[in-house]
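Taking our numbering, the leading residue of the sequence shown gets 1, the next gets one more, and so forth. Where is the CB? At the ideal position from N, CA and C, for every residue including glycine. What follows is a short report on a single structure.
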Amino acid sequence: MPTVSTLDHNEVRRIAITAVFSDDYFFEKVVLKGGNALAIALGLSDRTSLDLDFSIENDFDDVAEAEHRLKTALERRFATVGWVVFDFVFSARPFTPREGQNRWGGYVVEFKLMEKARYLEIGDDKQAHRRESLVVGPRQQRKFTIELSKFEFTKGKLARELDSFDIYVYAPEMIAIEKLRAICQQMPGYPLNRTPSARARDFYDIHLIVTETGTDLGSEENADLLRNIFEAKDVPVELLQLIAEQREFHRPDWDSVRGSVPQEGLRDFDFYFDFVLEQVKLIKAFGNK
1 MPTVSTLDHN EVRRIAITAV FSDDYFFEKV VLKGGNALAI ALGLSDRTSL DLDFSIENDF
61 DDVAEAEHRL KTALERRFAT VGWVVFDFVF SARPFTPREG QNRWGGYVVE FKLMEKARYL
121 EIGDDKQAHR RESLVVGPRQ QRKFTIELSK FEFTKGKLAR ELDSFDIYVY APEMIAIEKL
181 RAICQQMPGY PLNRTPSARA RDFYDIHLIV TETGTDLGSE ENADLLRNIF EAKDVPVELL
241 QLIAEQREFH RPDWDSVRGS VPQEGLRDFD FYFDFVLEQV KLIKAFGNK
C-alpha cells in the first residue's frame, strides 16, 4: 500500500475504485466502465484521467443512503494511506430532469484529498484545506470526480480483482459499443443531447479494443448487446448509419487525443474514423444484412 509521500494519480484512481467496491451495497449495483476500465482492469490503455465512470443497472433505492455509504467508503479507504476526504459533494445530474428523460442522467460525486497530519494541523480553516489539497495528474487536478450513470445495461460485465478487491468492469465489447452509442448521441438525430461535443478519442479506443481483444462487433451476440445498450438511453440504432457524416465534426478534437496517447504506431484521425465505419458495416443490428 502506498505511503503518503508516494501517492500519485494512478494510486488515487485505484484507491477510489476499490473504495466503491468495498461497500456491499455498491458492489451489487455498479460496474466500472470507460477509459479507466480499459486502463486499470483490462490493461488496454494508458488513460490517465482521474474521472471514474460507473454504470448502475437501475437506480439507487435510497439516494441518501447511497450518498452516505459512498462517502464513508471513500473516507475509510483513503484513511488507510493517511489521507482525508473533504469537500465531498453527491449530486444528481441533470439537477432537474426534463420531461421524458428520467432514464438519462445519474449522479456526480466530487471530493478533494489532503494528507491527514497536515489537515489536522490546519484545523478548521476550510480555505487553507482547499489551497493545500492534493494536486495530481497531467491536468493538475485538485477535484476528483466519480460519475454514476443510471438505467444502463450491465449484463455481460466481467469480474476482476484489483488490489485484492473484487470489482466488476464492462467487457471490452461493452465499452466499444457504449463508445459507438456516445458518438451517436452527439448527432442532431439524438434530441436528448443539446450540447454535442466532439469525441475523437472514442474512434481511437474502438480501434484499440477491436484489434487488441479480437472483439467481433458483427457477431449475433454483440448485435443483441448493441441493441440493449442503445435502448438503455433511447438512442436509435439507425444513427450508426450516419456516423460517416460526422467526420469533420470530430476531427478538431484529434489534436487533444494525439497528445495523450502513445506516439509509436499512431495513425492519423481518418485512419481510426474509417476503421469505425468498417466496423459499423459489420453490425447487423439495424438491418444491414
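Tell me whether Leu113, by its Cβ, gets closer than 8 Å to a heavy atom of the ligand FMN. Judged by which ligands are present, the structure shown has none, so any question about the ligand FMN falls away.
C-beta contact flag for Val136 and Lys116 at 9 Å: No, they are not a contact pair.
What is the DSSP secondary structure of Gln185, counted as helix, strand or coil? In this structure, DSSP gives Gln185 a state outside helix and strand, which the three-state scheme calls coil.
Give the C-beta separation of Phe60 and Phe88 to the nearest angstrom, bearing in mind that I take them to be a contact with Cβ-Cβ under 8 Å. Contact flag wrong, Cβ pair sits at about 16 Å.
Among Asn36, Glu65, Gly43, Leu44, which has the Cα closest to the Cα of Phe54? Selected option, being the one with the closest Cα: Asn36.
Identify the continuous beta strand (DSSP E) that holds Ser219 and give its terminal residues. Taken as a continuous stretch (DSSP letters only), Ser219 belongs to no beta strand (DSSP E), as it is neither H nor E.
Determine which residues share a DSSP beta bridge with Val85 and list them. Residue pairing from DSSP places Val85 in a beta bridge opposite Leu113.
Rounded C-alpha distance that separates Leu208 from Tyr25: Rounded to the nearest whole angstrom, the C-alpha separation of Leu208 and Tyr25 is 33 Å.
At 4 residues or longer, and completely inside the stretch 209 to 265: list those alpha helix (DSSP H) runs for me, N to C. Positions of the alpha helix (DSSP H) runs, each at least 4 residues long and wholly inside the stretch 209 to 265, are given as 220 to 232, 247 to 250, 254 to 258 in order along the chain.
Contact check, Pro172 vs Leu38, beta carbons under 9 Å: A contact, by the Cβ cut-off of 9 Å.
Using a Cβ-Cβ cutoff of less than 7 Å, which residues in the same chain neighbour Gly218 once the five nearest sequence positions on both sides are dropped? Cβ within range, chain order: Leu282, Ile283, Lys284.
Buried or exposed for Asp23, going by 16 or more other Cβ atoms inside 10 Å? Buried, since its Cβ has 16 or more Cβ neighbours within 10 Å.
In the DSSP assignment, find the unbroken alpha helix (DSSP H) run with Val291 in it and report its ends. The first residue shown for the chain is 1 and the last is 289, placing residue 291 beyond what the model contains.
Pairwise C-alpha distance: Asp274 and Ala200: When rounded, the separation of the alpha-carbon atoms in Ala200 and Asp274 is 12 Å.
Kindly list the residues whose CB is nearer than 8 Å to the CB of Arg142, restricted to its own chain and excluding five residues on each side of it in sequence; keep chain order. Excluding sequence neighbours, Arg142 sits near Lys112, Arg130, Ser133, Leu134, Val135.
According to the Cβ coordinates, are Ala32 and Tyr170 closer than 9 Å? The residue asked about is misnamed: residue 32 is Leu in this sequence, not Ala. Yes, the Cβ-Cβ distance between Leu32 and Tyr170 is below 9 Å.
Can you check whether the CB of Gln246 is closer than 9 Å to the CB of Gln186? The answer is yes: Cβ separation under 9 Å.
Cβ separation of Asp163 and Arg14, assumed to be a contact under 8 Å, to the nearest whole Å: Yes, they are in contact, since the Cβ atoms of Asp163 and Arg14 sit about 6 Å apart, within 8 Å.
In this structure, does DSSP put Gly35 in helix, strand or coil? Looking at Gly35 - three-state DSSP - the assignment turns out to be helix.
Assign Val63 to buried or exposed, taking buried as 16 or more other Cβ atoms, counted over all protein chains shown, within 10 Å of its Cβ. Looking at its Cβ environment, which holds fewer than 16 other Cβ atoms inside 10 Å, Val63 is exposed.
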